[in-house]
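If you're matching them up, the sequences are chains G and C in order.
Each number in my numbering corresponds to the 1-based position in the first sequence with 1053 added.
Each number in my numbering corresponds to the 1-based position in the second sequence with 1053 added.
Here's the structure we're looking at; comments come further down.
Protein chains: 2
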Amino acid sequence: MSGLRARQKADRHRRIIEAAAALFREAGYEGAKIEAIAAQAEVSIGTIYNYYENKGDILGAIVSLEVNEVLNAGRGVVARPPANVGDALDTLIGIYIEHSLHYLSKEMWRQAMAISTQLPDSPFGQAYTALDRSLTEQIRALITRLQEIGLVRRDIDGAALGELIFNNMNMMFIEFVKRDQAKIPELRAAIRRQNRILVAAIAV
Amino acid sequence: MSGLRARQKADRHRRIIEAAAALFREAGYEGAKIEAIAAQAEVSIGTIYNYYENKGDILGAIVSLEVNEVLNAGRGVVARPPANVGDALDTLIGIYIEHSLHYLSKEMWRQAMAISTQLPDSPFGQAYTALDRSLTEQIRALITRLQEIGLVRRDIDGAALGELIFNNMNMMFIEFVKRDQAKIPELRAAIRRQNRILVAAIAV
DNA sequence: CACAAAAACAGAATTGACTCAATTTTAGAA
DNA sequence: TTCTAAAATTGAGTCAATTCTGTTTTTGTG
């Protein structure tokens, strides 16, 4: 329990992630060479590959940290949602979007998304899919909450609606990170406009 | 006009695409080495890079062919849609999905999607975004058509609705190609279920 | 028909992610 | 403390995409 080996392992994990995060930000994903990450983390190239299957998995670990923070922040909204369907959705989605560029640059997001579709069975590919599912699930939880409060019709298919809202938001976010000039307020406004159709359909 | 050089160029383009398409199918995208494509097309490696910026652009050219066929097939549905909102959407989306695996394997789709987010400014990245936009536009055209016929309420925001439906379908399709076991009928059923919420909201 | 400039081609050299066999370190039994 | 097996580390080597620099082909002009 907490032997030398375990401590060293955790320490190396941390050093690799910190080195990679710094270099990804400075030089971009492609620009951050494994050799440089290894040097900065003070481990060898081989050790990095002992900890992560490939370069993408290193980025994946960083993305997971960010998305988990977002999920945590979202819980508050689900617990006490604004007393209006449109605002409730906008608030939750706002948290997702505003948090999203905290640690990750658009370029890092692009790479992460690309890797997750390119290698869906790699550790990160699976983790990413699971994160998407958690976000979908959180939106569904909000809808269920709104149904309980009596703001959303009880006969609405919450699961399908959660998927619809998440999928739309996610695709909009993908397009957003693909264009460097795209701005957060415009993204949120576009999503609000799309959701308005749904809100009209589901509000009591 | 149509000099030797232009003819040779077109011919080499064709040979490269044909060689690449065959090898991508046989060996997968990663498995198809540029050297092998060059050999099969009877050009040198350098020539391939003279015609395409990178390996992804070769795949991109093939994807564009497929999506353009799909767009063409969709025109018929927009011109004469089924006399029911749900069926109209299902028919158009059905055409997209059923065609999708005609020339391209799931693995090729994964790679193509990954490249388009990874390199949004490359020739293919831009072309792919434009294709997505065309599909969105076609769905919007269908909605407009249905509004004209009197099947969809006139006060519905057609542009936002088109985006919502396309984005949801596209994300479902991405998840579909990420899982090799996923089957087309299940995909279509899931999308129908999601769209049902919308249909209820917009049908006259 | 020459011939010079422009365009296209060829393939060797470069580059960078990833592998693997050899070496070092750790754990824990005697 | 000493020793051995297991675990972890190392970095030189491999492989394949992409680049680069000379060479060849085409074009159009005199």
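Ideal Cβ positions, reconstructed from N, Cα and C, are used throughout, including at glycine.
With distances taken between CA atoms, residue 1062 of chain G lies nearest to G/1103 out of G/1217, G/1103, G/1080, G/1091. In this structure, residue 1130 of chain G sits away from residue 1150 of chain G, with a CB-CB distance that is not shorter than 8 Å.
The three-state reading of DSSP puts residue 1085 of chain C in coil, since its state is none of H, G, I, E or B.
Counting other Cβ atoms within 10 Å of its Cβ, residue 1230 of chain C reaches 16 or more and is therefore classed as buried. Each of C/1089, C/1146, C/1079, C/1080 was checked against the Cα of residue 1245 of chain C, and the nearest Cα belongs to C/1146.
Interface with chain C (8 Å Cβ-Cβ cutoff): residue 1200 of chain G is excluded.
Residues of the stretch 1200-1214 of chain G that bring their beta carbon within less than 8 Å of a beta carbon in chain C comprise 1209, 1210, 1213, 1214, in sequence order. Within the stretch 1152-1163 of chain C, the residues whose Cβ lies closer than 7 Å to any Cβ of chain G are, in chain order, 1163. Beyond the five residues adjoining it in sequence on each side, residue 1108 of chain C comes within less than 7 Å, by CB distance, of 1087 in the same chain, given in chain order. Shown here, residue 1080 of chain C sits in a helix according to DSSP, grouped into three states. Under the criterion of beta carbons closer than 8 Å, residue 1189 of chain G and residue 1219 of chain G qualify as touching, at roughly 4 Å. For residue 1216 of chain C, the closest Cβ of chain G is nearer than 8 Å.
Nearest CB-CB separation between residue 1170 of chain C and chain G: below the 8 Å threshold. The straight-line gap separating the alpha-carbon atoms of residue 1174 of chain C and residue 1165 of chain G is approximately 17 Å. With three or more CB-CB distances shorter than 8 Å, the stretch 1246-1255 of chain G counts as touching the stretch 1207-1226 of chain C. Between the alpha carbons of residue 1137 of chain C and residue 1221 of chain G lies a distance of about 24 Å. According to the DSSP assignment, residue 1247 of chain G belongs to the alpha helix (DSSP H) that extends over 1237-1255.
CA-to-CA, the gap between residue 1163 of chain C and residue 1106 of chain G works out to about 20 Å. Sequence-distant Cβ neighbours of residue 1094 of chain G in its own chain, meaning closer than 6 Å and more than five residues away, are 1068, 1069, 1072.
By the rule that beta-carbons nearer than 8 Å mark a contact, residue 1231 of chain C touches chain G. Under the Cβ distance rule, residue 1247 of chain G counts among the residues neighbouring chain C, one pair being separated by less than 8 Å. A straight-line Cα-Cα distance of about 22 Å links residue 1242 of chain G and residue 1157 of chain G. At a cut-off of 8 Å between beta carbons, residue 1121 of chain G makes no contact with chain C.
Apart from sequence neighbours up to five positions away, the residues of its chain that approach residue 1114 of chain C with a beta-carbon distance below 7 Å are 1070, ordered along the chain.
Boundaries cannot be given for residue 1205 of chain G, as no alpha helix (DSSP H) includes it and DSSP labels it neither H nor E. If you draw a straight line from the Cα of residue 1202 of chain G to the Cα of residue 1255 of chain G, it comes to about 13 Å.
Counting every other CB atom within 10 Å of its CB across the protein chains shown gives residue 1178 of chain C a total of 16 or more, marking it as buried. Close partners of residue 1173 of chain C in chain G (Cβ separation under 8 Å): 1163, 1231, 1232.
For residue 1220 of chain C, at least one C-beta of chain G is nearer than 8 Å to its own C-beta. At a Cβ-Cβ threshold of 8 Å, residue 1082 of chain G and residue 1118 of chain G do not count as neighbours.
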